[in-house]
Structure formats: C-alpha cells, structure tokens
Amino acid sequence: MTRRDGDNPGARVRFAPSPTGRLHLGSARTALFNWLVARGSGGDMILRLEDTDRERSSAEFERDIMDSMLWMGLDWDEGPDVGGEHGPYRQSERMDIYSGYARRLLEEDRAYRCYCTPEELKERKNAAVGEGRAWRYDRKCLGLTDEERARLTAEGRPYAIRFRVPEGEVTVNDMLRGEVKVNASEIDDFIILRSDGRAGFHLAVVVDDITMEVTHVIRGDDHLTNAVRHVLIFRALGAAPPMFLHHSLLMGPDGAKLSKRHGATSVSDYREMGYLPQALINYLALLSWSPGDDREIFTPGELVEEFSIEGVSAGKAIFDMDKLNWLNRQHMKMLSDSELTDLVIDHLDRSLARDKMEIAVASVRNGMETLADIASQPLDIYVRPAGELSDKAAGELVKSPDIEEALDLLISTLEKHPSNGMATAERIVDDLRREAAERGWKAKTVLWPFRLAVTGSTVGPDLTYLILFWGPGGCADRVRATKRTLEERDE
Ligand code: GLU
C-alpha cells in the first residue's frame with residue numbers, strides 16, 4: 020500500500036459502527052466502501068466505535084464487528100485495538116473532548132443552555148400535538164434573560180447544551196446525490212451535550228471527524244438528514260466539511276431495509292453458513308458499484324485496483340441470495356484443492372493423510388455451493404473398511420448381471436496398471452468400457468459394480484477419484500474384499 024505523502028494525499032476515511040449488534044451486512048458494505056477508498060488511494064482507514072449508548076453497546080458486539088471485518092480482510096490503520104495518533108477511538112473515552120467543544124460553542128454564542136426538564140418538554144410537545152402543530156424545540160431557553168439564567172444556575176438546575184441553528188439555507192455536497200439543500204428553519208435546536216455530560220450523537224461525530232482529520236465520510240443514506248446538522252456544526256467550529264458520500268441502504272427483496280425477517284443478516288451468520296469472505300466482498304461491492312463493463316467476478320485485490328467512487332450508483336441495493344450463491348461458487352472454483360481442504364479440514368476424518376484429504380475434497384467439490392456443504396458430501400466412503408457394504412450396495416451387487424465375471428474383470432483390469440494418477444485413472448475407466456463392449460455388455464455392467472464394490476455404497480464421486488484415492492491396486496484389493504463379503508453372505 021502506498022502511504023500518504025505531500026504530493027499524493029490519500030483519503031482518510033472512517034468506519035464508525037455502534038457496537039449494539041453483530042456486524043450487519045449493510046454496515047459491512049459501508050465498511051467495504053470506506054476500505055476500498057482508503058486502500059485504493061493509499062490513504063488511511065480508521066475504525067471508530069460509536070459506543071455512546073452504554074446500555075445497548077457491549078464488548079461482545081465490538082469483538083464480533085472487529086472479527087468479522089478482519090475475516091473479510093477489511094483491516095484498519097487506526098482503531099481501538101491498534102491505537103493511532105488521533106485516539107482514543109471509542110467515543111465513550113472521548114467525552115472530555117466533546118464537552119470542550121460544546122463549551123466553546125457555548126462561549127461563542129453558537130449554543131445555549133437549556134434547563135427544560137424531560138417532563139416539561141413532554142408537556143409542551145403534547146400540547147402542540149394536541150393543537151395539531153408539529154413539535155420542534157420552542158427555544159424557550161434561548162429567550163432566557165441573564166438574570167433568569169443566573170437564578171437557574173444558582174438553584175443548581177441541571178442543563179443540556181443546545182446548538183443554536185442559524186438561519187438560512189444549508190447545503191450538503193454529496194458525491195452521489197449532488198447538492199442537498201435544506202432550509203435551516205426546518206431544523207430543531209438539537210442537543211449537543213446532555214445534562215449528564217454525555218455528548219449528543221451529532222456533536223460527537225463532527226468533533227471526531229474534525230480531530231481525526233477525516234477527508235471522506237462514506238455511510239448509508241439514512242444519515243443524509245444528519246449530514247445537514249453536521250455541516251452546521253462543521254461551520255460553527257470553523258472547519259471545512261469533509262467530502263460526503265451517502266450510499267443507498269441494503270434492502271431485502273421486498274424493498275424494505277434488510278432485516279432478520281429476510282433471513283440471516285450478520286457477517287458472522289454468513290461466515291457460519293460457509294460463504295467465502297472474498298465472495299461476500301465481491302457481492303457487497305457489486306450491489307451499488309459497477310466497473311463500467313459487464314465483469315462481475317473480482318478478487319479483493321482487483322476491487323482495490325478498480326473501485327472508484329464515480330462507479331457507485333445511487334440506485335436501490337437489493338439483496339439477492341441467488342447472486343451471492345453464484346459468486347460464492349465462482350470464488351470456490353478459484354481455490355486450489357489444497358486451499359479448499361484447509362477451509363473444510365474440520366469436517367474431514369483426521370485419520371486420512373493430507374494428500375488423501377485433498378483427493379477426497381477434489382472429488383466432491385463440484386457438489387458444493389458453500390463450505391458448509393462439505394458436511395453433506397459422501398465422504399464416509401473414504402474411511403469405510405474394505406469389504407464393508409451398505410445393505411443397499413449389497414442388494415445392488417447381488418442383482419447385477421454377470422456379477423462374478425464383472426468383478427474378476429475389474430480386478431484384472433485394475434492390476435494391469437501399477438502406477439497411479441488422473442491419466443491412469445481415466446485410462447482404466449476407458450479400458451473397462453471397452454472390455455464391457457467386447458463382451459456385449461453395457462458399460463454399466465462393469466462400472467456400477469466398480470462403485471459398489473470399491474466404496475460399499477451406491478453414492479459417491481466420479482470413479483476416477485476412487486482410483487486416485489486408493490490407487491489401482493488398492494481398488495483391486497477392495498473389490499476382492501467385497502467378493503469375500505458376498506461369499507460369506509452366501510454361506
Ligand atoms: N454510528 C453510526 C451508525 O452506526 C454511523 C455514523 C456515521 O458514520 O457518521 O450508523
């Protein structure tokens with residue numbers, strides 16, 4: 020990665036999740052866009068945990084968010100665990116910083132003390148609603164005289180600090196949506212510091228983005244209305260707002276925000292379901308980004324190379340499980356047998372040697388859409404003792420035409436090939452077909468008993484893999500063992 024330097028300043032971006040749940044696919048997409056911009060520009064990725072909601076935030080969710088990001092390969096340069104020059108990176112540890120800025124706004128008359136209690140606010144709100152008026156903070160405390168304020172302070176009345184929204188038009192310049200203009204008269208004087216000393220969401224975000232020197236704010240478009248307030252705070256603090264990009268939210272097939280009722284929503288769910296991180300990343304990137312042509316399959320490295328903000332569309336992002344499954348298949352195909360074996364090794368029998376494991380995996384991988392599909396593959400055949408037959412396999416063998424001659428033909432053909440390998444395996448199967456034809460048999464007359472006798476089962480992978488796994492001699496031995504089993508049954 021190229022680092023920022025004077026000539027080529029990279030973007031400083033941040034992913035700012037609230038650790039109030041496991042990492043949602045929609046948030047993972049936000050993290051991905053930020054990461055692609057950071058890595059593509061040689062800039063910095065910041066992980067900031069917005070944990071001001073102490074009741075709903077937990078260390079467990081923090082862990083899940085960080086683990087899920089790392090599993091996807093979305094690393095960060097600054098964050099709560101790795102530190103950095105602009106820390107701390109948990110909002111709960113930055114309260115003093117926020118209160119300093121709130122006091123500054125107060126002194127500069129850009130904010131004011133509000134002594135209204137929650138009960139008073141509720142009463143006035145109810146009255147307004149009762150009269151059919153829209154409620155917005157009525158600026159009661161903005162109108163307090165100096166004496167009134169001094170009296171309330173002397174009484175020790177707790178107060179919050181509210182931002183005094185200035186008059187005029189506010190413009191958010193969004194890279195995706197252009198200029199979003201809002202008349203400030205539509206905006207409430209919002210709280211920037213609560214009476215218990217905790218910062219309000221908007222102040223915390225803006226102070227962090229200023230002090231962390233964030234250049235691009237990339238987040239879901241549910242924050243577009245917040246951005247208006249943020250621009251006001253940036254201005255009040257004399258700071259230029261960063262570049263904004265509010266991307267569309269991830270929706271379920273019914274057009275509603277992707278939620279549990281659509282199925283699995285967290286990255287860790289998809290990890291457990293056996294999806295590859297590179298497939299998930301490819302899928303999430305393609306949801307609102309296109310390279311400008313019809314390519315669809317990208318490795319993470321290719322995405323870093325090719326992703327550009329100009330290629331992001333504001334259109335709806337609808338989650339499509341079939342597409343994800345298709346991409347997962349494509350990325351699974353790119354793995355070597357050895358790489359795939361590493362990923363499913365927990366499902367493989369430990370008694371198998373590594374090279375045998377790889378053959379076993381190679382033999383069933385076509386039937387897999389996800390890693391979890393390994394569990395339903397017929398791998399038991401590879402650990403079944405020679406001569407052991409399922410009832411079904413035994414029944415099939417007994418009723419197979421010319422079975423004794425077919426089994427002898429199998430043994431003699433296999434034993435003509437001392438070496439092993441895919442080419443040999445294919446040759447053996449060809450030889451068997453020819454031998455069958457010479458006898459006026461269907462190929463099945465010899466190939467079906469091959470499977471049954473070698474594996475003891477009616478289901479399993481392509482015959483060539485069986486030869487590769489046990490070797491021609493090993494297969495011949497297994498056919499012999501099966502013959503003995505059949506003879507013993509007869510006795
Ligand atoms: N903490 C906010 C969230 O999880 C993100 C705020 C931001 O990106 O500015 O939605």
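Number 291 in the working numbering belongs to position 272 of the sequence shown; there are no gaps in the numbering.
From the three backbone atoms N, C-alpha and C, an ideal C-beta is built for every residue, glycine too.
For clarity, every value in this text was computed on a predicted model and none was experimentally measured.
At least one heavy atom of the ligand GLU sits closer than 6 Å to the Cβ of Arg238. In the displayed model, Tyr156 falls within coil according to three-state DSSP, outside both helix and strand.
Counting along the chain, Arg181 sits inside the beta strand (DSSP E) bounded by residues 179–182.
The C-alpha of Thr432 lies about 7 Å from the C-alpha of Leu451. The beta carbon of Lys144 sits closer than 7 Å to the beta carbons of Trp154 from its chain, once the five residues preceding and following it are set aside; these are given in chain order.
Judged by DSSP in its simplified three-state form, Tyr117 adopts helix. Taken through DSSP and simplified to helix, strand or coil, Trp95 comes out as coil.
Closest in C-alpha terms to Gly40, from the list Ala30, Val380, Ser87, Gly61, comes Ser87. Rounded to whole angstroms, the gap between the alpha carbons of Ala372 and Ala413 is 28 Å. The segment 394–412 makes no contact with the segment 347–357, as fewer than three CB pairs between them are under 8 Å.
With fewer than 16 other CB atoms across the displayed protein chains lying within 10 angstroms of its CB, Ala275 is exposed. Distances between the C-beta of Pro99 and the heavy atoms of the ligand GLU are all 6 Å or more. With respect to the 7 Å criterion, Leu171 and Tyr134 are classified as neighbours on the basis of their beta carbons. For His235, the enclosing beta strand (DSSP E) has its first and last residue at 235–239. Annotation: Gly216 to Gly330 spans about 43 Å, alpha carbon to alpha carbon. The beta carbon of Leu487 sits closer than 7 Å to those of Ile378, Asn439, Met441, Ala444, all from its chain and outside the five residues before and after it, given in chain order. Per DSSP, Asp63 is one residue of the beta strand (DSSP E) stretching across 63–66. Cβ-Cβ distances below 7 Å link Asn202 to Glu188 in the same chain, with the five nearest sequence neighbours on each side left out; the list follows chain order. Fewer than three beta-carbon pairs drawn from the segment 306–314 and the segment 237–246 are found closer than 8 Å, and the two stretches are therefore not classed as touching. Taking 7 Å as the cut-off, the Cβ atoms of Ala495 and Gly406 do not count as close. The beta-carbon distance between Leu93 and Leu51, rounded to whole angstroms, is 6 Å. This is short enough to meet the 8 Å contact definition.
A distance of 7 Å or more separates the beta carbons of Leu485 and Val498. By the neighbour-count criterion, in which a residue is buried when 16 or more other Cβ atoms sit within 10 angstroms of its Cβ, Arg132 is buried. Relative to the Cα of Ala255, the nearest Cα in the group Gly282, Val225, Gly271 belongs to Val225. According to the DSSP assignment, Gly492 belongs to no beta strand (DSSP E) but to the alpha helix (DSSP H) extending over 482–509.
Rounded to the nearest whole angstrom, the C-alpha separation of Ile210 and Glu79 is 29 Å. Residue pairing for Met88: DSSP places it in no beta bridge.
Here Ala304 is buried. Its C-beta has 16 or more other C-beta atoms within 10 Å.
DSSP places Asn192 in the uninterrupted beta strand (DSSP E) bounded by 188–193. Shown here, His436 sits in coil according to DSSP, grouped into three states, outside any helix or strand. For Met262, the enclosing beta strand (DSSP E) covers residues 262–266.
With a contact defined as Cβ atoms closer than 8 Å, Ser419 and Trp467 qualify at about 6 Å. When the beta-carbon positions are compared, Phe253 and Val236 stay at least 7 Å from each other. Contact check between the segment 93–106 and the segment 56–70: three or more CB pairs, one atom from each, fall below 8 Å, which counts as touching. For Phe34, there is no enclosing alpha helix (DSSP H); the residue is part of the beta strand (DSSP E) that begins and ends at 31–34. Ser60 places its beta carbon less than 7 Å from that of Gly29.
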